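Engineer: In the working numbering, the protein residues as written are 3 to 187.
Below is a structure I'd like to ask you about.
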C-alpha cells in the first residue's frame, strides 16, 4: 500500500506530538554534554528523516499540540484529567525538535485550543478536497476515523499501512464509525 496508482500528489501529515512521546519513552535516556536529555530529539528526527528518505512525499506538514487547554477542556472538565503531566526531560526537548523541523524547511502547524489530531483532521479533509492523496503518519488508532479512498495511515515504527479495508478488518466497521468503537473501549 505504500504507493497508489493515482496521478494525485501526496501530502504527508505527521502527528509530531505523538512521535515526540513515542521517541521519549521508546529510547533510553540520552544526554548531550550539557546535560540536556536528547532521546526524543533523536527518535523524532530519525523518524522524520526516514519518511523523507524512503517515502519522498510531494508535500509534508508536521502538526504539534500547543501548550495549554483545548476546546475539549472547556466542554468537558475531566478531559485527560488523569493524564500525568509531561515529563520535564521531554518538554525541554520540544523547542529543539521545532528547530529541527524548521531547519529542514518543513511547515509546522500548532494552534492554541487544538490538538495536533484536530489540525491533522482538518488538513486531511482540505487536502483531499483539493485533489491530494493524504498519508497521516501516526500510530494513533483514533485517526482511523479519517480514512477514505484518498486518506491512508502510515505507521513508520511498525512500517504498516492502513486504509479503509484494514480499518474494516480491524474494527469491523467503516472508518466513520471508529469513533463509536473507541468510545466503547
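Don't be surprised by glycine CBs; every beta carbon is placed ideally from N, CA and C.
Predicted model only: the values in this text are computed from it and were never measured.
Is residue 32 buried or exposed, if buried means 16 or more other CB atoms sit within 10 Å of its CB?
Structural biologist: With fewer than 16 other Cβ atoms within 10 Å, it is exposed.
Engineer: Among all the DSSP beta bridges, which residues are the ones paired with residue 157?
Structural biologist: Paired residue(s): 162.
Engineer: Considering residue 17, what are the terminal residues of the beta strand (DSSP E) in which it resides?
Structural biologist: Note, residue 17: beta strand (DSSP E), 12–17.
Engineer: For a test of the three-state rule: what should DSSP assign to residue 115, helix, strand or coil?
Structural biologist: It is a strand residue.
Engineer: What's the C-alpha gap between residue 104 and residue 110?
Structural biologist: Approximately 8 Å between the Cα atoms of the pair.
Engineer: Going by DSSP, what residues sit across from residue 61 in a beta bridge?
Structural biologist: In DSSP, residue 61 forms a bridge with 13.
Engineer: How many Å lie between residue 188 and residue 56 at the Cα?
Structural biologist: Since the first residue of the chain shown is 3 and the last is 187, residue 188 is not available in this structure.
Engineer: How would you label residue 50, buried or exposed, when you count the other beta carbons within 10 angstroms and need 16 or more for buried?
Structural biologist: By the neighbour-count rule (16 or more Cβ atoms within 10 Å), residue 50 is buried.
Engineer: Assign residue 108 to one of three DSSP states: helix, strand, or coil.
Structural biologist: Residue 108 falls in the coil class under three-state DSSP.
Engineer: Once the 5 residues before and after residue 133 are set aside, which same chain residues still bring their CB inside 7 Å of it?
Structural biologist: Here the set comprises 10.
Engineer: Decide if the segment 164–175 is in contact with the segment 33–47; the criterion is three or more beta carbon pairs, one per stretch, under 8 Å apart.
Structural biologist: These segments do not touch.
Engineer: When you compare only the Cα positions, how much space is there between residue 160 and residue 152?
Structural biologist: Cα-Cα distance, rounded: 21 Å.
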